[in-house]
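Comments concern the structure below.
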Amino acid sequence: MITNIKQDVRRKAELLYGDASTANCLRALPHRGTLAGMVYRFGRQAGAIKFKPLSLLLKVAYFVLFYLVQMFTGISIQSYARIGKGMVVCNFSGIFVLAEEIGENFTVYEGVTVGNIRGKPRLAIIGDNVTLEPGCKVLGDVTIGDNVVVRANSLVITDVPANSIAIGNPARIVPMKTEEKVEEPKERMAQHG
2 MITNIKQDVR RKAELLYGDA STANCLRALP HRGTLAGMVY RFGRQAGAIK
52 FKPLSLLLKV AYFVLFYLVQ MFTGISIQSY ARIGKGMVVC NFSGIFVLAE
102 EIGENFTVYE GVTVGNIRGK PRLAIIGDNV TLEPGCKVLG DVTIGDNVVV
152 RANSLVITDV PANSIAIGNP ARIVPMKTEE KVEEPKERMA QHG
């Protein structure tokens with residue numbers, strides 16, 4: 002849990018401030034998205050404890066923290082999802098993440114929904130180095146490959162192959178040029194906090 006939180010904070014500091022120095026990591030800590038990510042990591046750890054009395058106590062604490070974070074930030078990252086290290090939640094408000102699995106270096110902006118569709122057999126599976134831009138929706142049992150950007154306000158209801166961009170409603174797939182980067186420029190991150 003601690004290792005994942007450190008990686009999340011380091012990556013957010015790099016995106017926001019250009020490097021992951023101790024001072025920049027401390028500056029990234031009080032951000033609402035960072036706090037929501039830490040509560041998610043705590044919830045995953047609480048669910049993994051085998052000693053039932055301690056697990057129950059930690060789960061109760063997690064649910065209290067989860068609902069406080071959801072109420073004050075508008076961010077809901079369900080502990081059901083397995084999310085790799087380097088998760089960055091940019092901004093706050095209207096962020097709902099419920100997936101089977103999400104890879105490393107996942108970036109999510111405000112107004113994003115990753116959720117299910119009634120009657121589908123599973124939740125979304127999202128690869129490494131994926132960025133979900135503001136307002137986009139990823140719904141159903143879709144699979145999103147590695148190195149994908151889902152552009153703002155796009156609706157993804159079908160699979161997205163690796164190294165591509167999903168854009169539009171419903172999303173159409175555009176191959177990513179090799180020189181394009183998945184990471185957002187730090188100037189844009191600084192604007193949105």
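Add 1 to the 1-based position in the sequence shown for our numbering, that's all there is to it. Positions of the beta carbon are idealized from the N, C-alpha and C atoms, including for glycine. Source: prediction; values computed, not measured.
Residue ranges of each alpha helix (DSSP H) within the region 52–124, 4 or longer: 53–74
Please classify THR35: is it buried, with 16 or more other beta-carbons within 10 angstroms of its beta-carbon, or exposed? buried
Let me know the secondary structure DSSP gives LEU30 once reduced to three states. Residue state for LEU30 is assigned as coil, using DSSP reduced to three classes.
ILE3 burial status per 10 Å Cβ neighbour count (16 or more: buried): Under a 10 Å Cβ-count criterion, ILE3 is classified as exposed, with fewer than 16 other Cβ atoms of the shown protein chains found around its own Cβ.
Close-in-space but distant-in-sequence residues of the same chain around PHE52 (CB under 6 Å, 5 per side omitted): none
Contacting residues, own chain, Cβ-Cβ under 6 Å from VAL113 (five flanking each side not counted): ILE96, LEU133 and CYS137
Measure from the alpha carbon of PRO135 to the alpha carbon of each residue in VAL149, ASN117 and GLU111, then state which is nearest. GLU111
Among ARG42, CYS91, GLN79 and GLY146, which has the Cα closest to the Cα of GLY104? Selected option, being the one with the closest Cα: GLY146.
Looking only at its chain, what residues have a beta carbon closer than 7 Å to the beta carbon of ARG11, apart from the 5 residues adjacent to it on each side? ALA21 and CYS26
Which word fits ARG42, buried or exposed, when buried means at least 16 other C-beta atoms lie within 10 angstroms of its C-beta? With 16 or more Cβ atoms within 10 Å of its Cβ, ARG42 is classed as buried.
Which one of ASN92, ALA167 and ALA100 has the shortest CA to CA distance from ARG123? ALA100
Taking THR132 as part of the beta strand (DSSP E), name the residues at either end of that continuous run. 131–133
Skipping 5 residues on each side, what residues in its chain have a beta carbon closer than 7 Å to that of TYR81? The answer, listed in chain order, is LEU99.
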